[in-house]
Ligand SMILES: NC(=O)c1ccc[n+]([C@@H]2O[C@H](COP(=O)([O-])OP(=O)(O)OC[C@H]3O[C@@H](n4cnc5c(N)ncnc54)[C@H](OP(=O)(O)O)[C@@H]3O)[C@@H](O)[C@H]2O)c1
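Residue numbers (the working numbering): 41 to 295.
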């Protein structure tokens, strides 16, 4: 039996693409979602039809008690956890700093930053060889936005992902001798519900593509592939890495 992999935000987008690849690679999947039960149930059914093992776990990763409950439920269902992908994230909406709303910022940081940190805490408590665990691998989904302060009026989102980057490096060092590797993937613009305007509006898509060296945006599966590699034993000496899945990076805005 393969490792148990918990994917937060596994119901849609990059998380769902990761779930499909991970199921094909033999992982047993705990698929977290916040509200889209239908998408999660369909994904679980698809994986099971193909002979995989998957179960849904509803929890808002912006809420500590729901995170703890989710990890306990995963252990109840599967007995262990060997891998974690933190893909749950929100974009916080667009907004100039002069228009910032404190509650919206709090919600953004609660999900993207504190949610990621607390899911890592729960995973470390169960994976650490110093705590009787068998070790494990964690991948946090950051963003290329972290590297340039974000696109216009996205500084808050960029800051949340820069926090994920720094936390990933620090945690990787902290647990390096406890059998746990911790890495991040920084996607460039990827076609998911989060970027629906890019997906549905050809003019927007062309304009965004023109800011990327490959002159195109990513499919979710192109982000899932490096996530799976980082999780795997093929990356056994890789920890604290922030892997850019960025189509060659920005050709504007960087300095
Ligand atoms: N798409 C891009 O261009 C892009 C680029 C760089 C980085 N990223 C990052 O990649 C990650 C995945 O993004 P995506 O594009 O796949 O987004 P998406 O298609 O909008 O999917 C978001 C996923 O996160 C879940 N989610 C949101 N808030 C949650 C919460 N509080 N608790 C639990 N789950 C929650 C959603 O679950 P429900 O639907 O069930 O609520 C859904 O499964 C995010 O961290 C995002 O910041 C995306």
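We treat Cβ as the ideally placed atom computed from N, Cα and C, and that holds for glycine.
Can you check DSSP and say which residues form a bridge with residue i?
i: residue 177; result: 123, 221
i: residue 283; result: 225
i: residue 245; result: DSSP lists no partner for residue 245.
i: residue 72; result: 97
i: residue 259; result: 231
i: residue 290; result: 252
For the candidate residues the options, whose alpha-carbon lies nearest to that of residue i?
i: residue 174; options: 134, 133, 165, 181; result: 165
i: residue 127; options: 241, 50, 115; result: 50
i: residue 233; options: 48, 45, 47, 56; result: 56
i: residue 109; options: 237, 154, 159; result: 159
i: residue 58; options: 222, 114, 124; result: 124
i: residue 137; options: 96, 162, 198; result: 198
i: residue 291; options: 153, 254, 281, 280; result: 254
i: residue 97; options: 141, 113, 86; result: 113
i: residue 116; options: 208, 139, 242, 44; result: 44
i: residue 299; options: 221, 236, 179, 47; result: Outside the modelled stretch of the chain, which goes from 41 to 295, sits residue 299, for which no answer is possible.
i: residue 42; options: 288, 141, 102, 118; result: 118
i: residue 87; options: 101, 105, 63; result: 63
DSSP three-state label for residue i, please.
i: residue 295; result: Per-residue confidence for residue 295 stands at a pLDDT of 41, beneath the threshold of 50, marking its modelled position as unreliable; no derived number is given.
i: residue 165; result: helix
i: residue 154; result: helix
i: residue 46; result: strand
i: residue 136; result: coil
i: residue 118; result: helix
i: residue 207; result: helix
i: residue 277; result: coil
i: residue 252; result: strand
i: residue 90; result: coil
Do residue i and residue j have their C-beta atoms within less than 9 Å of each other?
i: residue 177; j: residue 271; result: yes
i: residue 76; j: residue 61; result: no
For chain D, check one thing: does any of its Cβ atoms lie closer than 9 Å to the Cβ of residue i?
i: residue 127; result: This model lacks chain D altogether; it includes just one protein chain.
Segment contact, 8 Å Cβ cut-off, at least three pairs: the region 246-255 with the region 196-207: no
Closer than 8 Å is the cut-off here; do at least three beta carbon pairs connect the region 250-260 with the region 212-230? yes
Can you find at least 3 beta carbon pairs, one from the region 179-195 and one from the region 129-148, that sit closer than 8 Å? yes
Taking contact to mean 3 or more Cβ pairs, one atom from each stretch, closer than 8 Å, check whether the region 80-92 and the region 55-69 are in contact. With three or more CB-CB distances shorter than 8 Å, the region 80-92 counts as touching the region 55-69.
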